[in-house]
Every structure is written in C-alpha cells, then in structure tokens.
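Working notes, structure below.
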Amino acid sequence: MEDCLFCKISQGEIPSTKVYEDDDFFAFKDINPVAPVHVLVVPKKHIANIASLTEEDAAVAGKMLYAIQKVAHLLGLDKDGYRVVFNTGEKAGQTVLHMHAHILGGKEMAWPGV
Ligand code: AMP
Ligand code: ZN
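Under this note's numbering, residues 26 to 139 are what the sequence shown spells out, in order.
Put into structure tokens, the structure is as follows:
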C-alpha cells in the first residue's frame, strides 16, 4: 500500500535492522525499544490491524503466530519467555496502521500491564 511505513520497511525501501524474513513476513528491531529485546513482526501483505482481518486473511494470520515463534527462538527468548502485543486501534495506542506484533523480552514483566 502506498505511503505505509511498514510496507516500505518490509519491501526494503526504508532501512531497518532486519532480524528475520521469509516469503510472508518481515521482522525488525523497534526504533524506540521499551524492553531490552523489542522486535516487530509484520506480514508483507498490507493488513491494517486485527480488527480489519477478513476470512481471506485467516491463513496469513495463523502463519504469523508461527513466524512470531520462529523470531522469538532466533532472539533466544524461548527459555525465559516473552510477551507478544498487537495494539489494535486508537485507544490501544496503535500508531502504525499496518498489523504488527511487538515481541518484548529480556526483562521481568508485570501483568496486568494496562
Ligand atoms: P504501535 O504503536 O503498536 O502502532 O507500534 C508502532 C511501533 O513502530 C512503535 O513501537 C515505534 O517505535 C515503531 N516504529 C516507528 N517507526 C519505526 C521505524 N522506522 N523503524 C522501526 N520501528 C519503528
Ligand atoms: Zn502497509
């Protein structure tokens, strides 16, 4: 999609610190980390957020969880655990309207965190 930051990052048009890539997903370090490990996983297909998923997107949405598992493994987060966050919509603080999972780790995290 034109003028979408995460479409441009996943297509290599805007630089990022890449962590993982396959045919369907791209993962890169968050520019403003809120945890010692903070990586974003995005589908290469432009989907705005979970709220805008259609049945046609079900396969990519399912595969995204598996991509998140692979990225967390690459980051060495398996043993200690990690948090996965999908900010969805305005009140949740979603600032980039291209669906993305935040993988957060490397520290003890409190819950509930809202
Ligand atoms: P959200 O607020 O859930 O929409 O998350 C968007 C995230 O994208 C924020 O954590 C930002 O720090 C991050 N971000 C924005 N621009 C960039 C960029 N150019 N490279 C990497 N991360 C970015
Ligand atoms: Zn996009």
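Every residue, glycine too, gets a C-beta built ideally from N, C-alpha and C.
Local conformation of E80 per DSSP, three classes: Position 55 of the sequence shown holds residue 80. E80: helix per DSSP, three-state reduction.
C-alpha gap between I34 and V139, whole angstroms: What you label residue 34 is simply residue 9 of the sequence shown in a count that begins at 1. What you label residue 139 is simply residue 114 of the sequence shown in a count that begins at 1. When rounded, the distance between both Cα atoms is 29 Å.
Secondary structure of V59, DSSP reduced to three states: Looking up residue 59 in the sequence shown gives position 34. Here V59 sits in coil by DSSP.
Where the beta strand (DSSP E) through I75 begins and ends: By 1-based counting over the sequence shown, the position of residue 75 is 50. Segment: none, I75 is in no beta strand (DSSP E) and carries neither H nor E.
Proximal residues to C32 (C-beta, below 7 Å), its chain only, five neighbours per side dropped: Position 7 of the sequence shown, counting from 1, holds the residue named residue 32. So the list reads M26, H71 and H123, once near-sequence residues are dropped.
Helix, strand or coil at H127 according to DSSP, with G and I counted as helix: Looking up residue 127 in the sequence shown gives position 102. In the structure shown, H127 sits in a strand (DSSP, three-state: E or B).
Environment of the ligand ZN in chain order, Cβ to heavy atom below 6 Å: M26, C29, F31, C32, H71 and H123
Residue burial classification, G37 (beta-carbon count within 10 angstroms, cutoff 16): Residue 37 sits at position 12 when you count from the first residue of the sequence shown. Result: exposed.
Spatially closest choice to F50 from S41, T42 and V67, by CA coordinates: Within the sequence shown, residue 50 is the residue found at index 25, counting from 1. Closest by alpha carbon: V67.
Range of the contiguous beta strand (DSSP E) that encloses F53: Counting from one through the sequence shown, the residue named residue 53 turns up at place 28. F50 to K54 is the extent of the beta strand (DSSP E) around F53.
Test item: CB-CB of L102 and V62 under 8 Å: The residue labelled residue 102 in the question sits at position 77 within the sequence shown. The residue labelled residue 62 in the question sits at position 37 within the sequence shown. Cβ atoms of L102 and V62: closer than 8 Å.
Host beta strand (DSSP E) of K43 (start-end): Counted from its first residue, the sequence shown places residue 43 at position 18. Unbroken beta strand (DSSP E) run through K43: K43 to E46.
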